[in-house]
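Comments concern the structure below.
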Amino acid sequence: MAVGETVAFTRTGLAHSSMHTDDDAREEFEVIPAVDIQDGEVVQLVQGERGTEKTYGDPVEAAQRWIDAGAETLHLVDLDGAFEGERANVDAIDAVIDAVDVPTQLGGGIRTADDAVDLLERGVDRVILGTAAVENPEIVAEISEEYPDSVVVSLDAKDGEVVVEGWTEGAGISPVEAAERYADLGAAAILFTNVDVEGQLEGVATEPVRELVDATDIPVIASGGVATLEDVRALAETGAAAVVVGSALYEGEFTLDEAQAAVEGDS
Ligand code: AMZ
């Protein structure tokens, strides 16, 4: 038996197949690039509204670009799927999954356990469930029993209320209230998108993230509004496990390396 040379993979570590090893107890805060797909193309929407999109080309090229830039995880969203309530952009997403060698998390239109399992079997590392998990929290346990640590619950909020169905419908509950439901169901993480600031490149709101982090033991992935390295740092300081960044990276406000360097030693 080899002595001393083991690599401990932490339960909350998002980049489980990365080369990084944490030699202290600190979890590494991760900056995750977003590849949001609409009509087969990479887009960024403003506050998640259809018709506001700015397009950024081919999803495989974008994914490859973020991997070349050092991404350890990719965040993929099937926007048509989220709006329509069933998976869309299947070919584009399959192409990305086949092309990349880093862990992926995918959401948008995954509304049944069968769909989730199908994607996990096809090589997606984590499925993100918004609408289905909010309407039926037990679906998280159902999937997690077969695939532990594979479900990210998306609790996206507008004006403090969780929104579902492509962020077009309120669920009548706050993210903090909703988070409690997943405590014992095996959720790997909670994705919290602050829709009020999403896609605007005008900065983040840290307070709602901090409230959610304080209210749950489940790792929180923050998203929405990141425009500067200071925003990335501010989110790391809330105790969130990771941040998803879209527009700021596509618009070249900073590089992935700069973002990761900005939070080194934090959290
Ligand atoms: O931009 C939007 N309008 C939007 C979006 N990005 N609506 C939903 N989503 C994302 C959520 C989550 O990752 O952040 O889609 C996923 C949830 O989809 P569903 O189909 O499970 O509710």
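Going by the numbering used here, 368 is the number at position 44 of the sequence shown; the sequence numbering is gapless. Using N, Cα and C, we set each Cβ at its ideal position, and we do this for glycine too. Here the structure is a predicted model, which means the values were calculated and not measured.
Asked: Using CA atoms only, rank isn't needed, just tell me which of Asp541, Val528, Glu469 and Thr579 is closest to Ala560.; Found: Val528
Asked: Examine the Cβ distances between the region 496 to 513 and the region 461 to 468 and report whether three or more of them are shorter than 8 angstroms.; Found: yes
Asked: Measuring CB to CB, does Gly549 end up less than 8 angstroms from Glu522?; Found: yes
Asked: How many Å lie between Leu573 and Thr436 at the Cα?; Found: 32 angstroms
Asked: Give every residue of the same chain whose Cβ lies closer than 6 angstroms to the Cβ of Gly525, excluding the five residues on either side of it in the sequence, and list them in chain order.; Found: It is worth fixing the name first, because residue 525 is Leu in this sequence and not Gly. The residues are Ala551 and Ser571.
Asked: Excluding sequence positions up to five away, which residues of its chain have a Cβ less than 7 angstroms from the Cβ of Val370?; Found: Thr376, Gly523 and Gln524
Asked: Please determine, among Trp491, Ala481 and Asp538, the residue with the shortest C-alpha to C-alpha distance to Asn518.; Found: Ala481
Asked: What do you get for Gly431, buried or exposed, if any count of 16 or more other CB atoms within 10 angstroms of its CB means buried?; Found: buried
Asked: Is Leu515 near the ligand SAH, in the sense that its beta carbon is under 7 angstroms from a heavy atom of that ligand?; Found: By its list of ligands, the structure shown excludes the ligand SAH, since it contains just the ligand AMZ.
Asked: Tell me the DSSP bridge mates of Thr397?; Found: DSSP, once it has assigned bridges, lists no residue as partnering Thr397.
Asked: Is there at least one Cβ from chain D nearer than 8 angstroms to Gly548's Cβ?; Found: Checking the listed chains, one finds no chain D in this structure; it contains a single protein chain.
Asked: Could you pull the DSSP bridge partners for Ser547 from this structure?; Found: Thr517 and Val568
Asked: Unbroken beta strand (DSSP E) runs of length 3 or more, entirely within the region 406 to 436: which are they?; Found: 428 to 431
Asked: Note down the Cα distance separating Gly328 from Ala406, rounded to an integer number of angstroms.; Found: Annotation note: pLDDT 37 at Gly328 (below 50); position unreliable, no value reported.
Asked: Between the C-alpha atoms of Ala449 and Thr379, what's the straight-line distance to the nearest angstrom?; Found: The question names Ala, but residue 449 in the sequence shown is Asp. Distance between the alpha carbons of Asp449 and Thr379: 26 angstroms.
Asked: Tell me the residue span of the beta strand (DSSP E) that contains Ile467.; Found: First-last for Ile467: Glu462 to Glu470, but that is the alpha helix (DSSP H), not the beta strand (DSSP E).
Asked: Exposed or buried, what is Ala423 when buried is set at 16 or more other beta-carbons lying within 10 Å of its beta-carbon?; Found: exposed
Asked: In whole angstroms, what is the alpha-carbon distance linking Glu582 and Arg557?; Found: 11 angstroms
Asked: What does the alpha-carbon distance come out to for the pair Ala513 and Ile356?; Found: 14 angstroms
Asked: In this structure, what does DSSP give as the bridge partners for Gln362?; Found: Glu365
Asked: Enumerate in chain order the residues of its own chain whose CB-to-CB distance from Gly290 is below 6 angstroms, with the five nearest sequence positions on each side excluded.; Found: No information on residue 290 is available, as it lies outside the stretch 325 to 591 that the chain covers here.
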